[in-house]
Amino acid sequence: MTSYLVLSGGLSPERDVSLRSGRRVAEALRTSSDAEVIEADVDSSLIDVLRRHRPDCVVPLLHGAAGEDGALRDVLTSLGLPFVGATGAAARLAFDKPVAKTLLATAGVSTPAVLAIPHAMFRELGAAGVLTGIREFLGLPIMVKPTSGGSALGASIVRSAEDFPSAMVGAFAYSDVAMMEQYIDGTEVAVSVLETAEGTVALPAVEIVPESGIYDYKSRYTAGTTEFFVPARLSDELAAECARIAVLAHEVLGLRDWSRTDLIIDAAGTPWFLETNAAPGMTETSLFPQALQAAGLGLGEIANALVRRAAARG
Amino acid sequence: MSSSRLDPWVDAYAQRTAEMQASEIRALFAVASRPEVVSLAGGMPFVQALSMDMMAETVSRLLLERGAVALQYGSGQGDVVLREQILEVMADVQVSAHPDDIVVTTGSQMALDLVTRVFCDPGDVVLVEAPSYVGALGVFRAYECDVIHVAMDEQGLNPAALEEAIAALAAQGRSAKMLYTIPSFHNPAGVTQSQPRRAEILQLAQRAGILVLEDDPYGLLGFDGEAPAAIRAHDEEGVIYLGSFSKTIASGLRVGWAVAPHGVREKLVLAAESAVLCPSNYSQLTISEYLATQPWREQIKTYRELYRERRDALLESLEQLMPQGTTWTTPAGGFYSWVTLPEGLDAKAMLPRAVAALVAYVPGTGFYVDGSGHEHMRLSYCYPEPDRIREGVRRLAGVIEGELEIAHTFGTSSTLRTSSGTNVPGPDLQ
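If you read the sequences in order, they're chains A and B.
Following our numbering, the residues of the first sequence are numbered contiguously, the last one being 1304.
Following our numbering, the residues of the second sequence are numbered contiguously, the last one being 431.
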């Protein structure tokens, strides 16, 4: 009997989000195929579970480190197990946001100016001087985030010099390296990308309008606190440009099967690349399932197509 | 193009649900449930210390001999035999009452809800300790009470601060409806009111005409000598006493109770019937059977010794490992110690680093309604084995040292801009 193993959970702060994504995809696979669908967490029993079941395909739905940084995908590769999504090497590129931005900038996409500095550098050089330099270089407001991880954890907008130190501390709570990014005011959109038999396609863009004005953890995972427009309220030309960038990001980063690219469109109508997720969220409030629905596609149908494709690829 | 907020009822919710939102802190507690993490966060009693053979025998006998009663609806006030047995249990904290004064509830949490429902209109003032039990704060918020924290010290609620709070309200032409207090082995502060202090607090409440809501889930779990006499032992009319079998027998059975003056009790029974019809007969009769046939005092003694050993492991480790400037309370019973971090540190902001280092605690902010408490954390020693507690404190000390370094680098207190929402774990966290 064909069997698929959905991996979710892990030890990252996005564990809860990942578990919800995993349950949703596992359920979609169960209702849309005859395959046995196993759900597993990432812990010391995982290798035994993988060896015992030898699933025909693994669906890694881990968010944050170990799930999106490529490490677990490399383990799956070493075990000879086919899996849905990016290779370890590609996931690593996407997971490191400053690196991904550099690659996209090189490919001609507008990206906000970004600086990435570890805590140790602030300690060695003295934080006050370094922060002043950053402020002068980027200009306020500044977006501060951990360089890796998702769900807006540890992210904040610095609007005054006094807010800067505490924003840095907030980012360092989640990562040893923080990134400081030019803040782009505009319309936030997410474009999901799907590889199909017909080629790599962008799904309808999802426009995100959080009630609080900031798409933070609360706005992401509390149903009702964010309004979504699908497709996004964009001109055909702009929608096509966002789709082009998302597909380009998918290809430049070497991603596979699925991804989701987050963009901000400024007042002049320029889309700015923020980041690409190699393991997009699949929860009830996530963006990828909304894009699928707008495209007239079911999660089960797509998940099934992707596991079959991954299994065939070996 | 279609617009969606992913919840068709979003505009229909009552205003009081506004705070029921996803939070980063709750997300971190999902990680804390993993076995790699030493959780000093949850307040789960160590029910593994119960003899499961004995429980199986108790439940089996109950079902075979009285199954048709146990599986049926029961009285809204609770089983009469159990109410008589509760009198015997409460004798240890010197509470005497008539079985008719007792209302059995689904854990004392339900009693808290019923008392608040019966007494509090939106805007009514409830005085609580600073910090206070998060489950009570949740109930008071749900009924839209105006919660005012009153300072504590090493002997619990501070009478001078209480007097001041009462006077400040009077100056505004207001008065408090209730004083909610946990006099013995406080959750989360880990301190215990002395007997003279209890008398003083009771006198202040009596003088101001404030009902005392005394929550006593840990009263029998003292480590030294006799259980402290409850405030209710000194006043039958002005105090509602809440008790629970969650910590002394088994939290999963969800059996607690309220002892209330006659008039109040009548209303509590009616409120209980409208809420749940009746508490679970099955759970009540299981407890009743257990109390009637098993050496329950011996079991409580076992729990006390087990928790004392864990408390000692926690305190010894804190003493050995915590960075300078960290202080903590020394609980004489119960489950918790309250830690104050070195100046400038923020327990809520530090939690992601702690979870990454595989140790968890509850940030102090969860125990205040006004967002204060950043500099505190609650450490719970009830569930992990002593060696795990020591390892957890070792990891925590490393996290605090790292956080001190970051705070020093940025010359700031580490206030993380987390969004609002629930900042404490659910009841099932170890």
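Think of the CB as a built atom: it goes at the ideal place given N, C-alpha and C, for glycine as much as any other residue.
The model shown is predicted, which means the values in this text are computed figures rather than measured ones.
Starting from the N-terminal side, write out each stretch of the alpha helix (DSSP H) that is 4 residues or longer and does not extend beyond the region 147–213 of chain B. Listed in chain order, the complete alpha helix (DSSP H) runs (minimum 4 residues) inside the region 147–213 of chain B are 160–172 and 196–209.
What residues from chain B crowd round His-1043/A, counting only those whose CB sits closer than 8 Å? In chain B, no part has a C-beta under 8 Å from the C-beta of His-1043/A; the shortest such distance is about 21 Å.
Note down the Cα distance separating Asp-147/B from Ala-162/B, rounded to an integer number of angstroms. Spanning the two alpha carbons is a distance of roughly 17 Å.
Collapsed DSSP secondary structure at Gln-73/B in the structure displayed: coil
Close beta carbons around Pro-123/B, own chain, < 6 Å, minus the five adjacent residues each side: If you ignore the 5 residues before and after Pro-123/B, its C-beta comes within less than 6 Å of the C-beta of Glu-145, all in its own chain and listed in chain order.
Which value, in whole angstroms, describes the spacing of the CA atoms of Glu-386/B and Gly-191/B? Their backbone Cα atoms lie some 19 Å apart in a straight line.
Below 8 Å on the Cβ atoms is my contact criterion, and I expect Phe-246/B with Ala-333/B to pass it. Report the Cβ-Cβ distance as a whole number of Å. Actually they do not touch by this definition, with Cβ atoms about 21 Å apart.
Is the Cβ of Thr-1122/A closer than 7 Å to any Cβ of chain B? no
Under 8 Å by beta carbon: chain A residues contacting Ala-31/B: Arg-1005, Asp-1006 and Leu-1009
When you compare each of Arg-1044/A, Gly-1057/A and Ser-1023/A to Ser-998/A by their alpha carbons, which one comes out closest? When each option's Cα is compared against that of Ser-998/A, the closest is Gly-1057/A.
Mind listing the chain B neighbours of Arg-1113/A? Cutoff is C-beta to C-beta under 9 Å, in chain order. Glu-406, Ile-407, His-409 and Thr-410
For the region 7–25 of chain B, which residues have a beta carbon sitting closer than 7 Å to at least one beta carbon of chain A? Leu-7, Asp-8, Val-11, Gln-22, Ala-23, Ser-24 and Glu-25
Check whether the Cβ of Thr-1275/A lies closer than 7 Å to any Cβ atom in chain B. Closer than 7 Å: yes.
For Phe-1263/A and Pro-1279/A, the rounded distance between their alpha carbons: 21 Å
Between the region 337–368 of chain B and chain A, which residues of the former have CB atoms less than 9 Å from a CB of the latter, in chain order? Asp-347, Ala-350, Met-351, Leu-352, Pro-353, Arg-354, Val-356, Ala-357 and Leu-359
Hey, is Ser-195/B's beta-carbon within less than 7 Å of any beta-carbon in chain A? no
Ser-289/B and Tyr-337/B - do their beta-carbons sit closer together than 7 Å? no
Bounding residues of the alpha helix (DSSP H) (the contiguous stretch that carries Glu-376/B): Premise fails: Glu-376/B is in no alpha helix (DSSP H) and is neither H nor E.
For chain B, find out if any of its Cβ atoms is closer than 7 Å to the Cβ of Lys-1135/A; answer yes or no. no
Per DSSP, what kind of secondary structure is Met-1170/A in: helix, strand or coil? In this structure, Met-1170/A counts as strand in the three-state DSSP scheme.
Between the C-alpha atoms of Arg-1044/A and Val-1074/A, what's the straight-line distance to the nearest angstrom? 15 Å
Taking 7 Å as the threshold (beta carbon to beta carbon), is Ala-161/B in contact with chain A? no
is_contact[Met-1169/A, chain B] using C-beta, thresh 7 Å: no
Considering only residues of the same chain and omitting the five flanking positions on each side of Pro-160/B, which have a CB-CB separation below 8 Å? Closer than 8 Å at the Cβ level, and outside the excluded window around Pro-160/B, lie Arg-198, Glu-201, Ile-202 and Leu-205.
Quick check: the region 1261–1276 of chain A against the region 1052–1069 of chain A, are at least 3 beta-carbon pairs closer than 8 Å? These segments touch.
Starting from Arg-396/B, find everything on chain A with Cβ-Cβ shorter than 7 Å and list it in chain order. Under the 7 Å cutoff, chain A gives no residues; its nearest Cβ is about 14 Å from Arg-396/B.
Span of the beta strand (DSSP E) around Glu-1185/A: 1177–1186
When DSSP labels each residue in this structure, what does Cys-1232/A get in the three-state scheme? The answer is helix: DSSP assigns Cys-1232/A an H, G or I state.
Below 7 Å between beta carbons: does that hold for Ser-105/B and Pro-280/B? Per the sequence presented here, residue 105/B reads as Val, with Ser not at that position. Yes. Within cutoff.
Length of the line joining the Cα atoms of Thr-117/B and Asp-80/B: 23 Å
Mark Thr-419/B as exposed unless 16 or more other C-beta atoms lie within 10 angstroms of its C-beta, in which case mark it buried. Model confidence at Thr-419/B stands at a pLDDT of 44, short of 50, so the residue's coordinates are unreliable; what they give is reported in the following sentence. Around the C-beta of Thr-419/B, 16 or more other C-beta atoms lie within 10 Å, and the residue is accordingly described as buried.
Since Ala-28/B meets chain A, which of its residues come closer than 9 Å, beta carbon to beta carbon? The answer, in chain order, is Pro-1003, Glu-1004, Arg-1005, Asp-1006, Val-1007, Ser-1141, Leu-1143, Tyr-1207 and Tyr-1211.
Using a Cβ-Cβ cutoff of 7 Å, what residues of the region 142–156 of chain B are near chain A? List them in chain order. none
Is the beta carbon of Ala-1018/A closer than 7 Å to that of Leu-1243/A? No. Outside cutoff.
Chain A contact residues for Glu-37/B, given Cβ-Cβ distances below 8 Å: Leu-1001 and Asp-1033
How far does the beta strand (DSSP E) with Thr-341/B in it reach, from first residue to last? 337–341 is the extent of the beta strand (DSSP E) around Thr-341/B.
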